[in-house]
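Report on one structure; see the data block that follows.
2 protein chains.
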Amino acid sequence: MKVEKISELTTNRLSIYLRCLNELIAEGAKTISSEKLAKRFHLNSAQIRKDLAYFGEFGVRGVGYYVGELHNHLTKILGLEKEHCVAIIGAGRLGTALTDYYGFSQSNFTVAALFDNDEEKIGQKVGNVKIFDIKDFAKVAKRDKIDVAVIAVPAQFAQSVLEKITQAGIKAVMNFAPTPLRVECDVKLKTVDLTISLESLSYFLAHSNNANGKNLKPNSTERRNAL
Amino acid sequence: MKVEKISELTTNRLSIYLRCLNELIAEGAKTISSEKLAKRFHLNSAQIRKDLAYFGEFGVRGVGYYVGELHNHLTKILGLEKEHCVAIIGAGRLGTALTDYYGFSQSNFTVAALFDNDEEKIGQKVGNVKIFDIKDFAKVAKRDKIDVAVIAVPAQFAQSVLEKITQAGIKAVMNFAPTPLRVECDVKLKTVDLTISLESLSYFLAHSNNANGKNLKPNSTERRNAL
DNA sequence: AATTTATGTTTCAAGTGTGAAACAAAATGA
DNA sequence: TCATTTTGTTTCACACTTGAAACATAAATT
């Protein structure tokens with residue numbers, strides 16, 4: 001385990017770099033310099049080098065980075081060389097939608113199980129994924145080697161679901177319930193709050209008078225989100 | 228239009244406060260002090276007062292805030308007193324899932340139209356929402372008074388879709404395509420990148436050795452996302 | 001009228017992230 | 001061998017957010 005603390009913004013950028021490399025590989029590029037990478041994908045070359053330098057010396061001075069090699073390094077750094085098994089808790093609209101969301105299947109994340117407390121739903125299937133009783137979470141999670149959980153239940157149940165799954169040993173959780181959750185520090189929680197995002201758009205619409213001229217500078221918080 | 232620049236983190240917190248007030252209203256509370264609000268919902272009382280003070284004097288010294296009144300103020304500030312009409316571009320899995328996602332219908336956001344370029348899909352319906360040809364976006368958006376667009380198309384088409392909808396006058400866009408997009412400054416773009424979030428979880432799993440003791444301090448970036 | 005409560009407002013220190021600049025080191029090519 | 005390219009690394013200034021502290025102000029209560 002690396003002891004230096006690496007900012008999440010840094011690791012988010014690693015994801016971006018990996019995507020860029022995928023494009024370059026598809027084009028057959030062999031090497032790329034930080035400068036060219038930055039130019040092409042609207043990034044910052046100094047930051048690319050700094051981000052990568054946290055994890056080792058992957059480049060060759062005078063040459064740049066070997067595309068395939070760097071891709072492998074980033075894949076390893078991000079832990080994407082192994083398959084991750086995902087459980088989705090909540091077999092409602094959002095949960096079932098996420099179950100066959102191409103974004104999961106495309107990458108190294110496989111949805112292995114759905115959970116709900118509705119007896120009508122338990123035992124049914126969404127695509128190939130079976131719906132289990134949330135009471136059996138610990139057992140099923142262990143059996144199916146679940147290492148990532150997605151919370152897609154109504155806000156009022158989210159905290160208790162979170163506690164249940166962390167007690168079962170899950171260390172990585174993505175939360176779609178529009179409520180802040182509290183977790184112990186050895187558990188990683190990512191909350192995706194669509195309500196806040198929508199209301200943020202609404203705020204913008206309410207406070208922008210569309211009279212001012214356009215300009216192309218992207219706004220800074222969006223830049224942070226995007227990179 | 229307020230001229231002071233208000234941080235997006237501030238407006239995100241306004242959304243949180245609004246949720247808290249909804250709970251309090253449901254319980255029949257009439258007034259609440261910033262201190263009690265903070266204690267109960269794990270917020271910071273000084274920050275609550277500061278955030279609210281950007282927009283006016285809503286509290287009563289010696290009393291606190293009148294719950295219903297503050298709720299109304301926040302609703303207005305966030306522009307949630309009017310209905311917003313949402314168009315979703317991309318009638319794939321994610322797009323159709325979002326279409327009947329309760330999170331949209333519950334609030335003041337109504338999905339008014341779906342768009343796609345697949346002739347098989349055009350003309351069909353998802354729930355009550357009709358799927359239109361993306362070529363007709365400008366026309367339909369004007370007719371149905373669309374003011375928010377959601378991009379749910381594959382990454383490689385996202386930028387061109389974005390340009391099409393901004394040319395039609397849309398000023399608020401939520402992007403689910405896993406790619407950074409460039410917009411003009413008078414357009415608000417929120418990118419929700421589930422891939423980055425997942426890979427961030429993967430990174431955490433790859434770099435945490437689960438040997439260290441637990442502690443309850445929430446990690447700072449999650450706190451920022453949640454509040 | 002005096003006390004209490006709690007907001008509105010300002011100020012400040014601490015932490016974090018960004019991006020520019022400078023430069024040594026290493027590899028390539030002429 | 002020498003010049004060029006580009007990384008790896010350090011340093012610095014700038015900006016932003018947070019949260020604490022201090023205090024005046026206003027309302028309510030005794």
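Residue numbers (this note's numbering), protein chains in the order written: chain A, 1 to 227; chain B, 228 to 454.
By construction, the Cβ of each residue, glycine as well, lies at the ideal position given by its N, Cα and C atoms.
For clarity, every value in this text was computed on a predicted model and none was experimentally measured.
Buried or exposed by the 16-neighbour rule on C-beta atoms within 10 Å, applied to residue i
i, result
"B:ALA404", "buried"
"B:PRO407", "buried"
"B:HIS311", "buried"
"B:GLU346", "exposed"
"B:ASN249", "exposed"
"B:LEU341", "buried"
"A:ASN128", "exposed"
"B:LYS441", "For B:LYS441, the predicted model reports a pLDDT of 38, less than 50, meaning its position is unreliable; a value from the coordinates is still stated below. It counts as exposed."
"A:ARG40", "exposed"
"B:HIS300", "buried"
"B:GLY350", "exposed"
"B:GLU449", "With a pLDDT of 49 at B:GLU449, under the threshold of 50, the modelled position of that residue is not reliable, and the figure given next carries that caveat. Buried, because 16 or more other Cβ atoms sit within 10 Å of the Cβ of B:GLU449."
"A:VAL148", "buried"
"A:ILE196", "buried"
"A:SER7", "exposed"
"A:LYS188", "buried"
"A:VAL60", "exposed"
"B:ASP420", "buried"
"B:ALA253", "exposed"
"A:GLU199", "buried"
"A:ASP136", "exposed"
"A:SER231", "Here chain A covers residues 1 to 227 and nothing more, so residue 231 of chain A does not appear."
"B:GLY255", "exposed"
"A:ARG224", "Confidence is the limiting factor: at A:ARG224 the pLDDT is only 42, short of 50, which leaves the residue's position unreliable, though a coordinate-based value still follows. Exposed, because fewer than 16 other Cβ atoms sit within 10 Å of the Cβ of A:ARG224."
"B:GLY283", "exposed"
"A:GLY95", "buried"
Listed by chain order, chain A residues near residue i by CB distance under 7 Å
i, result
"B:PHE431", "ALA172 and LYS188"
"B:ASN239", "ILE196 and SER200"
"B:GLY306", "SER202, TYR203, LEU205 and ALA206"
"B:PHE342", "By Cβ distance, chain A contributes nothing, its closest Cβ being about 18 Å from B:PHE342, past 7 Å."
Listed by chain order, chain B residues near residue i by CB distance under 8 Å
i, result
"A:TYR101", "ARG320, LEU321, ALA324 and LEU421"
"A:GLY28", "Going along chain B, no residue has its Cβ under 8 Å from A:GLY28, so there is no contact; the nearest lies around 18 Å."
"A:SER34", "By Cβ distance, chain B contributes nothing, its closest Cβ being about 18 Å from A:SER34, past 8 Å."
Span of the beta strand (DSSP E) around residue i
i, result
"A:THR228", "One cannot answer for residue 228 of chain A here, as it falls past the ends of chain A, which runs 1 to 227."
"A:PHE132", "129-133"
"B:ASN271", "Taken as a continuous stretch (DSSP letters only), B:ASN271 belongs to no beta strand (DSSP E), as it is neither H nor E."
"B:ALA314", "311-316"
"B:ALA399", "399-402"
"B:ALA376", "375-378"
"A:LYS190", "188-191"
Neighbouring residues, chain B, relative to residue i (Cβ below 7 Å)
i, result
"A:PHE132", "Within 7 Å Cβ-Cβ: nothing; A:PHE132 doesn't reach chain B, min ~21 Å."
"A:PHE109", "LEU425"
Integer Cβ distance of residue i from residue j, believed to fall under 8 Å
i, j, result
"A:GLY64", "A:SER45", "Wrong, their Cβ atoms sit about 11 Å apart, outside the cutoff."
"A:CYS20", "A:LEU37", "6 Å"
"A:ALA141", "A:ALA53", "37 Å between Cβ atoms; not a contact."
"B:ILE361", "B:ILE397", "Not quite, the Cβ-Cβ distance comes to about 13 Å (not below 8 Å), so this is no contact."
"B:VAL294", "B:LYS257", "6 Å"
"A:VAL153", "A:THR166", "About 15 Å; that fails the 8 Å criterion."
"A:PHE58", "A:LEU70", "5 Å"
For residue i, the first and last residue of its enclosing alpha helix (DSSP H)
i, result
"B:HIS434", "421-434"
"A:LEU162", "155-167"
"A:LEU21", "8-27"
"A:GLY123", "Unbroken run through A:GLY123: none, as it is neither H nor E."
"A:ARG143", "137-143"
"B:LEU325", "320-326"
Proximal residues of chain A, C-beta to C-beta of residue i below 8 Å
i, result
"B:ASP374", "LEU205"
Residues that residue i contacts on chain A, provided the C-beta gap is smaller than 9 Å
i, result
"B:LEU311", "Residue 311 of chain B is actually His in this sequence, not Leu. Near B:HIS311 (Cβ distances below 9 Å), the residues of chain A are LEU198, LEU201, SER202 and LEU205."
"B:SER272", "Residues of chain A passing the Cβ test: none, with the nearest at roughly 16 Å."
Chain-ordered chain B contacts of residue i [CB-CB under 9 Å]
i, result
"A:SER160", "Correct list: empty, because the minimum Cβ distance to chain B is about 16 Å."
Which complete alpha helix (DSSP H) runs does the segment 274-306 of chain B hold, if anything under 4 residues is left out?
294-304
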